[in-house]
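Novice:
Protein chains in written order, with the numbering used here: chain W, 1 to 87; chain Y, 1 to 130.
1. Please give the ranges of any alpha helix (DSSP H) in the segment 43 to 81 of chain W, keeping only runs that are unbroken, at least 4 residues long and fully inside the region.
2. Between the C-alpha atoms of residue 58(W) and residue 44(Y), what's the straight-line distance to the nearest angstrom?
3. Just mark residue 37(W) as buried or exposed, buried being the case when its beta carbon has 16 or more other beta carbons within 10 Å.
4. Go ahead and label residue 61(W) buried or exposed: buried means 16 or more other beta carbons lie within 10 angstroms of its beta carbon, across all protein chains shown.
5. Just the chain Y side, please: which residues come within less than 8 angstroms of residue 75(W) by C-beta, in chain order?
6. Is the number of C-beta pairs between the segment 98 to 106 of chain Y and the segment 41 to 58 of chain W that are closer than 8 angstroms three or more?
7. Buried or exposed: where does residue 46(Y) fall if 16 or more other Cβ atoms within 10 Å of its Cβ makes it buried?
8. Could you please give the first and the last residue of the uninterrupted alpha helix (DSSP H) stretch that includes residue 24(W)?
9. I want to know whether the segment 58 to 75 of chain Y touches the segment 27 to 40 of chain Y - three or more CB-CB distances under 8 angstroms.
10. Cβ closer than 9 angstroms: which chain Y residues qualify as neighbours of residue 9(W)?
11. Kindly identify the DSSP beta-bridge partner or partners of residue 28(Y).
12. Could you name the residues of chain A that residue 42(W) contacts, counting a contact when the two beta carbons are closer than 7 angstroms?
13. Using three-state DSSP, classify residue 81(Y) as helix, strand or coil.
14. Residue 35(W) by DSSP, collapsed to three states: which one?
15. For the beta strand (DSSP E) holding residue 108(Y), just list the boundary residues, first then last.
Quick look at the structure:
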C-alpha cells in the first residue's frame, strides 16, 4: 500500500486543482493501492514543521520506502510518477 | 522569455540571498524592500512567481498579499514564514477572506530556494527531507 500526504494551504482553487490531478494520477496508476492524506498547514502547522515540509504544495510518499518528496503543481504525470517512484 | 520572480522582503540580506541563489538559473529576479514597493512593481510588471515575507514594517505580508491579489489573481505567491501557529493566525484570516497563497518555510537555504522556484515554474521537483 502506498501512503502519501499532500500539504496544502487552505482549500483554494489551486490546491483543489492539485488534489484532483494527484487523485486522478493515483487512481490511474495505483487503483485501490494507495492512501492519500490531505494536510492543511494553516490548520496543522505543527504537522508540517514536524514532517519538515519545505513548502506547499508538497506531497510526501512515506511507504513503501524510500521516502520521496515532490513540490510543484504536479503537471506532467510522467515526471510525478518517476519522482515519486510510483511506476 | 525568462520567467520573472519578485522577492518582497524588508531585509536586504534576505533579498540578496534570493538573488544569489537564483543567479545560476535562467530566471529574472527582482526585489522590493517593502510591501508598498512590491505592490508598485506588480502594478507595472508581470511576474511568474512572488516570494513575500510575512512580517514587514509598514504594510505587512497579508496586507501586501491583499493588494497584490487585487491586481493579479493568478500569480503564485509564496509567503515566507516560520511554521508556527502564532504566525498562521493572520494567514488563516487571509485564507478565510478568499486570498490564495502558498507558504514556504523560513529560514530557507539557497539550494531550497532553487528547488521551490523550479517546482513552481517548471512543473514538479523532487527534494530531500532536511
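C-beta atoms are modelled at their ideal positions from N, C-alpha and C, and glycine is treated no differently.
Specialist: Judging by the given coordinates:
1. Entirely contained in the segment 43 to 81 of chain W, the alpha helix (DSSP H) runs reaching 4 residues are, in chain order, 45 to 50.
2. Taking the first chain and counting its residues from 1, the one referred to as residue 58(W) is at position 58. Taking the second chain and counting its residues from 1, the one referred to as residue 44(Y) is at position 44. Taking the straight line from one Cα to the other gives about 31 angstroms.
3. One-based indexing of the first chain puts residue 37(W) at position 37. Exposed, by the Cβ-count rule.
4. The count along the first chain starts at 1 and reaches residue 61(W) at position 61. It is buried - the Cβ of residue 61(W) has at least 16 other Cβ atoms within 10 Å.
5. If you number the first chain from 1, residue 75(W) lands on position 75. For residue 75(W), the neighbours in chain Y by C-beta distance under 8 angstroms run, in chain order, 123 and 124.
6. yes
7. Counting from 1 along the second chain, the entry for residue 46(Y) is found at position 46. Flag for residue 46(Y) reads exposed.
8. Residue 24(W) sits at position 24 when you count from the first residue of the first chain. Note, residue 24(W): alpha helix (DSSP H), 13 to 29.
9. Taking a contact to require three or more Cβ pairs closer than 8 angstroms, the segment 58 to 75 of chain Y and the segment 27 to 40 of chain Y qualify as touching.
10. Residue 9(W) sits at position 9 when you count from the first residue of the first chain. For the C-beta of residue 9(W), the chain Y residues within less than 9 angstroms are, from N- to C-terminus, 79, 91, 95, 100, 101, 102 and 103.
11. By 1-based counting over the second chain, the position of residue 28(Y) is 28. Per DSSP, the beta bridge partners of residue 28(Y) are 4(Y).
12. Although the question refers to chain A, the structure presented lacks it and instead comprises the protein chains W and Y.
13. On the second chain, position 81 is the one that residue 81(Y) refers to. In the structure shown, residue 81(Y) sits in a strand (DSSP, three-state: E or B).
14. Taking the first residue of the first chain as 1, we reach residue 35(W) at position 35. Reduced to three states, the DSSP call for residue 35(W) is strand.
15. For the purposes of this step, residue 108(Y) is taken as the residue at position 108 of the second chain. Note, residue 108(Y): premise wrong, no beta strand (DSSP E); not H, not E.
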